[in-house]
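Written below as structure tokens is the structure these notes are about.
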Amino acid sequence: MIPEHSIMHRAIIALCLLLALAAPAAMAATTELHVVRYAADGVTILNETTVDYTWLEENLPVQGDGVTHYYHQGPVFEGDKWNPEEDTNVLEKDMGAVKGTDLKDICDLVGGMKEGETVRIKASDGLSRVFPYRNVYEPEPRQGPMVITWYHDEDGYVPDYRSGMRLVFFADTSTNPYGVHAFGVWDMHECFDEEYWYFYGGEYPTTTGLSVQYISKVLIYSNEEPTGSVYVSSIPAGAAIYLDGIDTGLQTNATLEDVPVGEHTIELRLSGYEAATMNVTVEMDECSRPDPVVLTPLPPEPDATISLEDGWNFVSTPKRLMDGSNTFAAIYGSVDTAGHSILLYDGLAQEWKAAASTDAFKPLDGVWIYANEACTVPLTFAPGGPQVPPTKSLGKGWNAIGFTDTVPESAANTLLSLGEHWTTLIGFDAGSQEYEISIVRGATGRHGEERTMEPMQGYWVYMTGARTLAAIGA
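Following the numbering used here, the numbering of the sequence shown begins with 469 at its first residue and continues without gaps.
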């Protein structure tokens with residue numbers, strides 16, 4: 469039989485071993501800080517750096533002199549837990565005669581903080597506390613600068629300073645009866661917004677709970693959107709640049725700066741050219757360089773239009789047309805002709821001819837075209853300049869001719885170049901699909917030769933002999 473006391477002794481030893489194995493290893497002091505500034509999404513890193521305590525001491529202002537002690541205040545369990553007198557559990561929370569670096573200066577290494585932003589002070593064991601801009605950058609004297617300490621008068625530098633790096637508030641001496649530099653719970657009440665107060669056990673305010681030990685990370689959560697840039701170019705240059713529908717005030721070729729990361733639409737506008745759009749992807753701190761946009765010239769504004777009625781139309785052009793805009797395909801290509809050919813009549817040969825798509829639509833030609841529905845077609849005149857007026861050879865009999873002016877003119881004046889060789893002129897009313905009342909040379913009244921010929925209209929003229937018709941305004 470095993471003695472009962474021996475069994476109990478072994479059980480105690482086993483329990484102690486289990487507890488020893490289960491106990492976490494003591495946390496070690498940290499010697500460097502990873503400082504990160506995040507974008508508004510809380511994920512994208514805008515800037516980051518890692519510095520150790522020696523770099524901090526050598527490159528940034530040192531807070532503390534290694535002689536002056538700084539205190540926090542523990543929980544007050546009796547009486548007013550906020551203890552405005554700051555006379556309870558203060559001297560017991562001596563943080564030591566420490567030295568360190570202002571948290572504000574550390575934040576500035578990666579771009580700092582702005583109003584409305586926060587910083588999370590995180591320990592290597594995962595513990596963290598969050599603080600707003602005001603308490604970091606604009607502390608009241610009773611709070612004092614927030615200092616990440618790396619030196620203790622008794623232990624020396626980290627890692628020998630076993631609780632470092634540690635957050636200590638370098639408060640003034642104005643709010644406690646001892647005349648020491650103490651950051652009390654009532655100081656926290658007065659200096660911090662309520663959401664940043666810390667409570668021991670969820671009930672008792674304490675500032676020691678804000679004094680994070682073993683600090684390894686300083687994480688700034690900014691409201692800034694991550695940005696990049698885009699180099700926008702076009703051929704030709706000089707186009708106004710619109711970003712997501714907003715005029716940037718810049719013209720190509722130019723770089724758009726501080727463009728939020730993500731997908732964007734860029735539109736280019738230049739007088740005389742079609743607007744062009746493209747989608748671009750902007751990456752943080754990168755300059756996107758899409759290929760130059762080749763702008764397409766706008767077709768010239770029409771100088772005149774021909775109105776086509778539903779059915780047959782007898783038309784003409786009053787002037788020479790611009791090269792590239794003078795073929796039947798260019799002018800009438802969009803007209804639904806219901807399968808009908810565009811027709812011209814050769815007065816010399818006295819025969820009909822179907823116009824080819826590449827044939828030019830010329831002044832003095834009377835052209836027949838069928839439209840399946842009413843529409844208009846634009847005419848772009850050739851540039852001005854000295855030119856020999858167009859002429860057209862007419863044969864004996866009926867000839868299809870065009871009118872060559874942009875304003876009405878009498879038949880007598882229009883056909884003056886034909887002398888006495890014409891007898892009758894007949895127009896066509898496309899609206900009613902009927903021929904108009906004839907005009908007779910030398911006549912007055914209803915058939916009078918002073919009746920006008922109209923722009924864009926075609927006419928039949930009867931000739932008693934061959935003759936050349938000259939344009940009057942083309």
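Glycine included, every Cβ here is placed at the ideal spot set by N, Cα and C.
As the structure is a computational prediction, the values presented were derived from the model and not from experiment.
Beta-carbon to beta-carbon, Gly926 and Ala880 are separated by about 19 Å, too far to satisfy the 8 Å threshold. Shortest Cα-Cα distance from Asp548 to any of Met581, Gly624 and Tyr672 involves Tyr672.
Under the rule that a run must span 3 or more residues, the beta strand (DSSP E) segments found entirely inside the region 557-607 read 566-570, 586-591 and 596-600.
Membership of Asn881 in the alpha helix (DSSP H) is indicated by the continuous run Ala879 to Thr882. Taking one beta carbon from each stretch, the region 591-605 and the region 543-560 have fewer than 3 pairs nearer than 8 Å; the two do not touch.
Distances from the alpha-carbon of Tyr506 to those of Met752, Asp726, Glu904 and Gln818 put Met752 closest. Contact between Leu678 and Ile709 fails: their C-beta atoms lie close to 50 Å from each other, not under 8 Å. Residue range Val835 to Ala839 is occupied by the beta strand (DSSP E) that includes Ile837.
Cβ-Cβ separation between Leu738 and Leu724: approximately 17 Å, too far for a contact (criterion under 8 Å).
Contact between the region 575-586 and the region 626-640 is not established, with fewer than three Cβ pairs separated by less than 8 Å. If you compare the alpha carbons of Pro758, His732 and Pro846 with that of Pro786, the shortest gap goes to Pro846.
Sequence-distant Cβ neighbours of Val680 in its own chain, meaning closer than 8 Å and more than five residues away, are Ile589, Lys590, Ala591, Leu595, Ser596, Arg597, Arg634 and Leu635.
Ala939 sits buried, since 16 or more C-beta atoms from the chains shown fall within 10 Å of its C-beta. At least 8 Å separates the beta-carbon of Ile616 from that of Leu577. The beta carbons of Met790 and Thr848 sit about 5 Å from each other, so the pair counts as a contact at 8 Å. Judged by pairs of C-beta atoms under 8 Å, the region 862-878 touches the region 806-817, as three or more such pairs exist. Between the region 515-533 and the region 616-628, the count of Cβ pairs shorter than 8 Å is three or higher; the stretches touch. Taking every protein chain shown into account, the CB of Phe545 has fewer than 16 other CB atoms within 10 angstroms, so this residue is exposed.
For Asp640, same chain residues with a beta-carbon under 8 Å away, outside a window of 5 residues either side, are Pro609, Arg610, Gly612 and His649 in chain order.
Taking the Cα positions, Met614 is about 10 Å away from Gly568. Your pair Phe796 and Ile774 does not check out as a contact, with CB atoms roughly 12 Å apart and the cut at 8 Å. As for any beta strand (DSSP E) of minimum length 3 sitting wholly inside the region 844-910, the runs are 859-862, 865-870 and 890-897, ordered along the chain.
The alpha-carbon of Gly706 is positioned some 30 Å away from that of Glu693. For secondary structure counted as the alpha helix (DSSP H) over 4 or more consecutive residues, the region 704-776 holds no complete run. Leaving aside the five residues that flank Gln901 on each side, the residues in its chain whose CB is nearer than 7 Å to its CB run, in chain order, Gly779 and Trp780. It is roughly 32 Å from the alpha-carbon of Ile683 to the alpha-carbon of Val729. Restricting attention to Pro851, Met921, Asp759 and Asp833, the CA atom closest to the CA of Gly792 is found in Pro851. Between the region 749-766 and the region 821-840 there are fewer than three C-beta pairs closer than 8 Å, too few to call the two in contact. If the five residues before and after Gly910 are omitted, its C-beta is found closer than 8 Å to the C-beta atoms of Glu917, all from its own chain and listed in chain order.
Across the structure, Thr882 and Asp873 are spaced so that their CA atoms are roughly 9 Å apart.
Relative to Phe896, the option among Thr675, Ser906 and Thr518 whose CA is nearest is Ser906.
Between the beta-carbon of Tyr668 and that of Thr674 there is about 5 Å, and that keeps the pair under the 8 Å contact cut. The Cβ atoms of Ser784 and Gly870 lie closer than 8 Å to each other. In this model, Met924 and Val700 are separated by some 46 Å (Cα to Cα). Collapsing the DSSP output to three states places Trp550 in coil. When DSSP states are grouped into helix, strand and coil, Thr617 belongs to the strand group.
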